[in-house]
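Worksheet: the structure to be examined is printed underneath.
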Amino acid sequence: MIALLDKFFARHAPLRRVFDYASASKEIISLCPGCESVLSGEGEALCNSDRYGYPTRTQWCPHCHMIFVNPRLTSECYGRLYDEGIYRAIISAFSGKTDGHILPQKRIIRLVSLLKEQFGEKPLSILNIGGTRADYDALKAGLQVKDYLCINPGGEEAGCGYKVEKTTIEDFNSQGRLFDVVCLFGTLNHLLWPLRSFKKIESLLSSDGVFAFDDKDPIAKMLSMRHPAGALQFDHAVYPTKYTLSHMFRDSGLSCLSYDTDNQRVFFFLAGKITAGAGKQDFFDVEQEKISLQLLKKRASKIRPKLFLQLFLSFLRRSV
Ligand SMILES: [Zn+2]
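Each residue of the sequence shown is one higher than the one before, counting from 9 in this note's numbering.
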């Protein structure tokens, strides 16, 4: 019943004029993106719509707790979404703000101090996946950067002072080159096959190299909202929980060296090769996650008050 209501409201979501979600090409995935176990039947369904009101179906994996969109847009379709600026148009239309990536985010400044502790004055070779100009400026200001490469499928951040390769982590060919630091900031949710990407990143690290990334704990974010749909969006294909991350570390040959958070929602992780030393495994509580997921499922089965507002706005706009 709730699924039908969600579908009905989604057809009238105001943002359908910015992006026609219904006609975009999609794929159904049969493997969990976090642990790649075969998904049996319908799996654990969570929500049938997202924060924008699009009819996005989200489910979670019982093995690793990965929360993910399924069916999801094809990778070509996601590519167009970013290349043609539709992604930012949706964010602007939804929030009324421009997503400019102009200021160096706090997370990069934090990363610089963590890397300084780890490497001291050692000149570093850095690979930034999907990074921005602001990331580069902050890293360069605080560290000895020997060389820096950014890979970005949109290529729009190409700028003076550093190389940008217009590719994704999946397609990137390092030609045997290894890095002291691989950064993945604000990008984890966009990876279609994050376990494969983690394995690739592990293979790109030098023996004492560090993989630095951030993750917004999806469970903490959803629990802070009245309805979990408010924290989900179709363009974020995956939402790894802390338990998912522990799985992905282990399965890709990585271990968590340290983690840090200000608010128990956004976490910074530094990971290294398992062979480089023992890692921290105490950043998750699997039983607590299970309880939270069941609670979220219960919340998701209730009507979303915001959908009525969306419907109202939609009719208003139609009559303009
Ligand atoms: Zn899984």
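Each residue gets a CB set at the ideal place from its N, CA and C atoms; glycine is no exception.
Cβ neighbours of residue i in the same chain (closer than 6 Å, five flanking residues each side left out)
| i | result |
| --- | --- |
| Ala-97 | Val-26 |
| Asp-188 | Leu-132, Ser-133, Ser-214, Gly-217 |
Beta-carbon proximity of residue i to residue j, cut-off 8 Å
| i | j | result |
| --- | --- | --- |
| Ser-57 | Ala-245 | no |
| Gly-138 | Thr-66 | no |
| Phe-219 | Phe-193 | no |
| Leu-278 | Leu-147 | no |
| Arg-88 | Phe-276 | no |
| Tyr-29 | Phe-242 | yes |
| Tyr-144 | Phe-102 | no |
Separation of residue j from residue i, as counted between CA atoms
| i | j | result |
| --- | --- | --- |
| Met-256 | Cys-40 | 12 Å |
| Asn-181 | Thr-175 | 9 Å |
| Glu-84 | Cys-191 | 24 Å |
| Ile-172 | Ile-159 | Reading off the sequence, residue 172 comes out as Val, not Ile. So the two alpha carbons sit approximately 6 Å from each other. |
| Val-77 | Glu-129 | 42 Å |
| Lys-298 | Tyr-267 | 22 Å |
| Asn-271 | Lys-124 | 23 Å |
| Cys-43 | Gln-126 | 30 Å |
| Gly-150 | Cys-55 | 42 Å |
| Ala-228 | Arg-273 | 6 Å |
| Glu-92 | Ser-254 | 35 Å |
| Leu-240 | Met-230 | 8 Å |
| Leu-212 | Leu-186 | 5 Å |
Neighbourhood of residue i by C-beta distance below 7 Å, restricted to the same chain and skipping five residues each side
| i | result |
| --- | --- |
| Ser-38 | Val-46, Leu-47 |
| Glu-35 | Pro-79, Arg-80, Thr-82 |
| Cys-72 | Cys-40, Gly-42, Cys-43, Tyr-251, Thr-252, His-255 |
| Pro-226 | Ile-75, Ala-239, Tyr-247, Thr-249 |
Residue burial classification, residue i (beta-carbon count within 10 angstroms, cutoff 16)
| i | result |
| --- | --- |
| Glu-210 | buried |
| Ile-75 | buried |
| Ser-263 | buried |
| Gly-169 | exposed |
| Thr-252 | buried |
| Thr-140 | buried |
| Ser-33 | exposed |
| Gly-184 | exposed |
| Asp-293 | exposed |
| Leu-281 | The sequence given here places Lys at residue 281; Leu does not occur at that position. So Lys-281 ends up on the buried side. |
| Asp-223 | buried |
Option nearest residue i by Cα separation, candidates the options
| i | options | result |
| --- | --- | --- |
| Thr-249 | Lys-310, Trp-68, Asp-270, Val-120 | Trp-68 |
| Leu-200 | Lys-207, Phe-221, Glu-178 | Glu-178 |
| Pro-63 | Ser-100, Cys-43, Arg-24, Glu-92 | Arg-24 |
8 Å Cβ cutoff, residue i in contact with chain C
| i | result |
| --- | --- |
| Leu-278 | The structure shown has no chain C; it contains just one protein chain. |
Contacts around residue i, its chain only, beta-carbon distance under 8 Å, and the 5 residues preceding and following it disregarded
| i | result |
| --- | --- |
| Lys-208 | Ile-177, Glu-178, Phe-180 |
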